[in-house]
Amino acid sequence: MSTIAAISTAQGEGGIGVIRISGENSAEIADKIFKSVSGKKLSEIEGYRALFGNIYKEGEVIDEAVALNFKAPHSFTGENVVELSCHGGVFITREVLSAVIDAGAVLAEPGEFTKRAYLNGKMDLTEAEAVMDLISAKSKSAARAAMYVKEGTLFKKSRAVKESLLTTAAHLSAWADYPEEDIPEVTDNSVLQSVKNSIDVLSKLLSTYNIGQAVKEGIDTVIVGRPNAGKSTLMNILSGVERSIVTSIEGTTRDVIEDTVVVGNVILRLSDTAGIRQTDNEIEKIGVEKTLKKIESASLVIALFDGSKPLTDEDISLIDKIKNVPSIAVINKTDLESNINTEYIIKNIENTVFISAKNEDNIDELRNIIEKLAGTENFDPSAGIIANERQKNAVKKAVDSLKEAESALKFGFTMDAVTVLISEAIDYLLELTGEKAGEEIVDRVFHNFCVGK
Ligand code: GDP
26 MSTIAAISTA QGEGGIGVIR ISGENSAEIA DKIFKSVSGK KLSEIEGYRA
76 LFGNIYKEGE VIDEAVALNF KAPHSFTGEN VVELSCHGGV FITREVLSAV
126 IDAGAVLAEP GEFTKRAYLN GKMDLTEAEA VMDLISAKSK SAARAAMYVK
176 EGTLFKKSRA VKESLLTTAA HLSAWADYPE EDIPEVTDNS VLQSVKNSID
226 VLSKLLSTYN IGQAVKEGID TVIVGRPNAG KSTLMNILSG VERSIVTSIE
276 GTTRDVIEDT VVVGNVILRL SDTAGIRQTD NEIEKIGVEK TLKKIESASL
326 VIALFDGSKP LTDEDISLID KIKNVPSIAV INKTDLESNI NTEYIIKNIE
376 NTVFISAKNE DNIDELRNII EKLAGTENFD PSAGIIANER QKNAVKKAVD
426 SLKEAESALK FGFTMDAVTV LISEAIDYLL ELTGEKAGEE IVDRVFHNFC
476 VGK
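Counted from 1, the sequence shown has number 179 at position 154 by our numbering; the numbering is strictly sequential.
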């Protein structure tokens with residue numbers, strides 16, 4: 026395999042920038058452009074040593090650098106790796122990379138370092154995907170969940186199921202192929218039990234997908250309510266910044282504003298809206314249309330009501346619009362005298378909470394309800410999550426095959442048919458971890474990576 030190189034740090038100005046080189050000739054290639062102050066060569070020193078020196082391009086010193094030497098197989102990729110830490114700047118890191126390329130390395134493809142780590146058996150496919158998730162994590166919970174998958178939680182769970190199914194399948198084959206041997210008879214019941222247990226474990230794993238998405242990607246949330254109900258104020262509290270303009274003139278927040286906030290374990294992708302009142306104003310009409318569309322497609326609606334004012338027809342039609350979608354009714358302004366009859370709200374919307382956005386009263390209760398609805402209130406990142414569509418599909422297909430095996434057993438099909446279905450499920454689990462994944466699947470996984478990772 027060729028020796029590859031790329032800039033592994035973000036493109037921008039920073040204290041240091043790292044150019045990573047991986048492949049058999051990493052040290053020899055680096056030696057052509059890096060001269061250490063001590064005179065030692067990277068190709069001659071042991072692994073896990075650093076040298077300080079200068080980087081040369083076309084005979085000229087272009088930067089100083091620290092060169093780190095890793096020897097196969099004890100490196101990220103499992104190959105010989107050299108990391109050149111030079112000064113972090115867009116121009117200088119590109120110059121150093123171009124010197125490395127001139128010296129014989131080829132430009133790494135996106136995700137190629139991690140792909141090589143996978144191909145060299147340093148990690149399975151779920152762990153490789155978790156590397157990317159860790160880099161793109163937007164919250165502490167998302168980062169922790171990715172870290173646990175990177176440590177192999179998903180791989181280990183899938184392996185345990187796979188091992189148990191393999192034992193069952195092997196037993197079935199042996200018993201069918203060598204009837205004269207003294208192999209204990211496989212009973213329908215013992216096979217059924219093994220299949221059922223596997224379905225249970227995998228189904229539980231599948232159920233982590235939606236929660237995982239809420240933690241990782243966030244859920245589409247709409248804040249809606251009459252002008253002046255306190256939507257912008259609440260949104261500012263949730264996001265912790267002055268996000269939308271708060272004024273006491275009705276109808277200020279006309280447009281749908283997007284923002285991302287972290288509430289406990291869950292990320293909310295918030296849209297603040299114009300409310301849904303009847304209006305002749307063309308611009309406001311567009312806002313109202315947008316709000317209605319948003320409500321239809323949202324995963325969560327937070328409806329705000331001004332507790333200091335009586336409920337209006339507009340509030341009633343909002344309640345009717347959202348009563349069948351996951352929603353929270355927030356009755357705001359508890360610091361003012363209450364003038365609202367909440368009966369209709371409570372009757373139609375399961376989750377109701379009283380707050381004062383201005384004084385930040387009872388916001389924690391709102392946060393708890395949000396987490397309860399998102400399913401993330403007891404989220405345990407160490408239990409491992411199904412992190413993406415690819416993983417979900419592989420596990421789902423394994424469960425489907427096992428369910429077929431279960432029916433086959435119940436309807437008294439031959440054990441051959443059952444063995445085929447169990448083997449199919451095992452194959453899907455091997456696809457999940459990448460132990461038996463086609464090139465196309467592997468390429469698709471790494472396609473989404475950034476260059477240098
Ligand atoms: P929006 O139109 O729904 O976005 O409402 P805003 O967030 O802009 O708030 C409208 C007005 O109500 C502002 O003057 C806020 O300061 C005020 N307001 C918001 N929440 C509360 C609250 O809990 N109590 C009181 N007394 N005033 C509030």
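We put the beta carbon where it would ideally sit given N, CA and C, even for glycine.
Element boundaries [beta strand (DSSP E), containing residue i]
{"i": "T28", "result": "Counting along the chain, T28 falls outside any beta strand (DSSP E), and DSSP gives it neither H nor E."}
{"i": "T377", "result": "N376 to F379"}
{"i": "R45", "result": "G39 to S47"}
{"i": "F77", "result": "R74 to K82"}
{"i": "I353", "result": "S352 to N357"}
{"i": "E89", "result": "E85 to F95"}
{"i": "V106", "result": "V106 to G113"}
{"i": "D158", "result": "Taken as a continuous stretch (DSSP letters only), D158 belongs to no beta strand (DSSP E), being part of the alpha helix (DSSP H) at L150 to S161."}
{"i": "D331", "result": "L325 to D331"}
Extent of the continuous alpha helix (DSSP H) run through residue i
{"i": "D389", "result": "I388 to A399"}
{"i": "D245", "result": "Unbroken run through D245 is the beta strand (DSSP E), I244 to G250; no alpha helix (DSSP H)."}
{"i": "H472", "result": "E464 to H472"}
{"i": "G312", "result": "E307 to S322"}
{"i": "D345", "result": "D338 to I347"}
{"i": "K61", "result": "It is Ser, not Lys, that sits at residue 61 in the sequence shown. S61 -> not in any alpha helix (DSSP H); beta strand (DSSP E) instead, spanning F59 to S61."}
{"i": "N373", "result": "E368 to N373"}
Through-space distance from residue j to residue i, alpha-carbon basis
{"i": "T118", "j": "K147", "result": "28 Å"}
{"i": "L122", "j": "I44", "result": "6 Å"}
{"i": "T277", "j": "L179", "result": "In this prediction, T277 scores a pLDDT of 46, lower than 50, which makes its location untrustworthy; the coordinate-derived value is nonetheless stated afterwards. Between T277 and L179, the C-alpha separation is close to 48 Å."}
{"i": "N50", "j": "K165", "result": "38 Å"}
{"i": "K310", "j": "Q238", "result": "33 Å"}
{"i": "A423", "j": "T233", "result": "16 Å"}
{"i": "S33", "j": "A133", "result": "10 Å"}
{"i": "L391", "j": "A354", "result": "10 Å"}
{"i": "L231", "j": "I411", "result": "7 Å"}
{"i": "G463", "j": "D127", "result": "34 Å"}
{"i": "V476", "j": "E396", "result": "35 Å"}
{"i": "D158", "j": "S223", "result": "27 Å"}
{"i": "S63", "j": "L150", "result": "41 Å"}
{"i": "G39", "j": "S47", "result": "23 Å"}
{"i": "D245", "j": "S296", "result": "8 Å"}
{"i": "N5", "j": "A254", "result": "The question about residue 5 has no answer, for the chain in this structure spans 26 to 478."}
{"i": "G312", "j": "P335", "result": "24 Å"}
{"i": "L427", "j": "V220", "result": "6 Å"}
{"i": "K346", "j": "G250", "result": "12 Å"}
{"i": "E176", "j": "P406", "result": "12 Å"}
{"i": "R302", "j": "I292", "result": "29 Å"}
{"i": "S322", "j": "N387", "result": "28 Å"}
{"i": "K358", "j": "I341", "result": "19 Å"}
{"i": "V470", "j": "R415", "result": "9 Å"}
{"i": "E267", "j": "S257", "result": "Residue placement at E267 is poorly supported in this model, since its pLDDT is 47, which falls under 50; the coordinates still yield a value, given next. In a straight line, the C-alpha of E267 is about 9 Å away from that of S257."}
{"i": "V378", "j": "N384", "result": "15 Å"}
{"i": "F404", "j": "K82", "result": "52 Å"}
{"i": "A170", "j": "G243", "result": "14 Å"}
{"i": "A30", "j": "V131", "result": "6 Å"}
{"i": "L398", "j": "N235", "result": "12 Å"}
{"i": "K435", "j": "N214", "result": "10 Å"}
Cβ-heavy atom distance, residue i to the ligand GDP, below 7 Å
{"i": "A382", "result": "yes"}
{"i": "A254", "result": "yes"}
{"i": "D360", "result": "yes"}
{"i": "L329", "result": "yes"}
{"i": "G312", "result": "no"}
{"i": "N357", "result": "yes"}
{"i": "G409", "result": "no"}
{"i": "S257", "result": "yes"}
{"i": "G250", "result": "yes"}
Cβ-Cβ separation, residue j to residue i (assumed contact under 8 Å), whole Å
{"i": "V286", "j": "L263", "result": "5 Å"}
{"i": "I374", "j": "I344", "result": "7 Å"}
{"i": "I54", "j": "I80", "result": "The Cβ separation is near 12 Å, so there is no contact."}
{"i": "E154", "j": "N413", "result": "6 Å"}
{"i": "S352", "j": "A382", "result": "Contact doesn't hold; Cβ gap of about 18 Å is too wide."}
{"i": "S333", "j": "E368", "result": "That belief does not hold up - the Cβ atoms of S333 and E368 are roughly 17 Å apart, past 8 Å."}
{"i": "E104", "j": "R141", "result": "6 Å"}
{"i": "K479", "j": "L454", "result": "Only positions 26 to 478 of the chain appear in the structure, and residue 479 is not among them; the question remains open."}
{"i": "K319", "j": "T298", "result": "6 Å"}
{"i": "G289", "j": "T401", "result": "7 Å"}
{"i": "E431", "j": "L227", "result": "Their Cβ separation, rounded to whole angstroms, is 12 Å, which puts E431 and L227 out of contact at 8 Å."}
{"i": "I41", "j": "S110", "result": "5 Å"}
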